[in-house]
Amino acid sequence: MPDQPPARRTQRERREETERKVLGAATALIAQHGSRALTLAAVGEAAGYSRGIVSHHFGSRENLLRAVMRDAQTFTLPEFGDSAADWLVETVRAYLKNVTSRRPAAGAFLQMWGEAIAADPVLMPLYAEHDAGFRRLLADKVREGIRDGSVRADADPEAMAVSLVGLLRGIALQLISTPPPARVNAIIDEAERSTRRALRP
Numbered sequence: 001m002p003d004q005p006p007a008r009r010t011q012r013e014r015r016e017e018t019e020r021k022v023l024g025a026a027t028a029l030i031a032q033h034g035s036r037a038l039t040l041a042a043v044g045e046a047a048g049y050s051r052g053i054v055s056h057h058f059g060s061r062e063n064l065l066r067a068v069m070r071d072a073q074t075f076t077l078p079e080f081g082d083s084a085a086d087w088l089v090e091t092v093r094a095y096l097k098n099v100t101s102r103r104p105a106a107g108a109f110l111q112m113w114g115e116a117i118a119a120d121p122v123l124m125p126l127y128a129e130h131d132a133g134f135r136r137l138l139a140d141k142v143r144e145g146i147r148d149g150s151v152r153a154d155a156d157p158e159a160m161a162v163s164l165v166g167l168l169r170g171i172a173l174q175l176i177s178t179p180p181p182a183r184v185n186a187i188i189d190e191a192e193r194s195t196r197r198a199l200r201p
């Protein structure tokens, strides 16, 4: 029986593959060199395409940076468990595990975050929006924890959210530094214990 020819990919599959390659190339370039020198032409060349392909799929450099940021920060949130405090503690672990398992993506995200802090005109509003949403999510979970009794009653939800983001970003920066600190799992365990102690009634 003759070999069957490979199935032809759909237009959607080809488009998704191109976007994955472009995002991967942009992420790697940003992780190595930061985003300020990033051009659509450089990303296209690194991905094996033309500048026009990158522009066609993402429209602009700002849209490409937004896509890299969104993809790099994507991680699976834990399902709601026995309490809101448990969810917050498990989220700390999931965030830091994501950083260690996706080093180029995590490096690109944190590199751009540093540029946003330095008032990059494109990245500053993107990160301001993203970080505000993340803090709102965490603050809402703290409120839930106060209601279900798993978080101390005197906790300030907004202040706790800022503290948690600071813990996550500070540890994440160290985990992707060169060379990274040893005993990564012990560091993540300690972050989890610190969070549980801070929330405990």
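Using UniProt numbering, the letters of the sequence shown correspond one by one to residues 1 to 201.
Glycine included, each C-beta is placed from N, C-alpha and C at the ideal position.
- DSSP state of residue 288 mapped onto helix, strand, coil: The structure shown does not extend to residue 288, since the chain is modelled only from 1 to 201, so the question has no answer here.
- Quick one: Cα of Arg61 to Cα of Val122, how far? 9 angstroms
- Based on Cα-Cα distance, which residue from Met69, Glu13 and Glu19 lies nearest to Gly107? Checked all of Met69, Glu13 and Glu19; the closest Cα to Gly107 is Met69.
- Item | C-beta contact flag for Met124 and Ile30 at 8 angstroms | no
- Message: Judging by CA-CA distance, which residue of Gly145, Ala41, Glu90 and Phe80 is the nearest neighbour of Arg200?
- Response: Gly145
- Nearest-angstrom beta carbon gap, Thr100 and Leu175 [assumed within contact, 8 angstroms]: Correct: roughly 6 angstroms between the Cβ atoms.
- Query: Hey, Ala84 and Asp154 are a contact pair by Cβ (cut 8 angstroms); roughly how many whole angstroms apart?
  - Reply: In fact, because the Cβ distance is near 16 angstroms, the residues do not count as touching under 8 angstroms.
- Query: Could you check where the alpha helix (DSSP H) with Gly34 kicks off and where it finishes?
  - Reply: First-last for Gly34: undefined, no H or E at that position.
- Task: Determine the burial state of Arg102: buried for a count of at least 16 other Cβ atoms within 10 Å of its Cβ, exposed for fewer.
- Result: buried
- Item | Residue of Gln11, Phe58 and Glu19 minimising C-alpha distance to Gly48 | Glu19
- Note down, in chain order, each residue of its chain lying with its Cβ closer than 6 angstroms to the Cβ of Thr27, except the 5 sequence neighbours on either side. Within the same chain, Val68, Pro104, Ala105 and Ala108 come within 6 angstroms of Thr27 by CB-CB distance, once the 5 residues on both sides are set aside.
- Query: Under a Cβ-count criterion, where at least 16 other Cβ atoms within 10 Å of its own Cβ denotes burial, should Gln11 be classed as buried or exposed?
  - Reply: exposed
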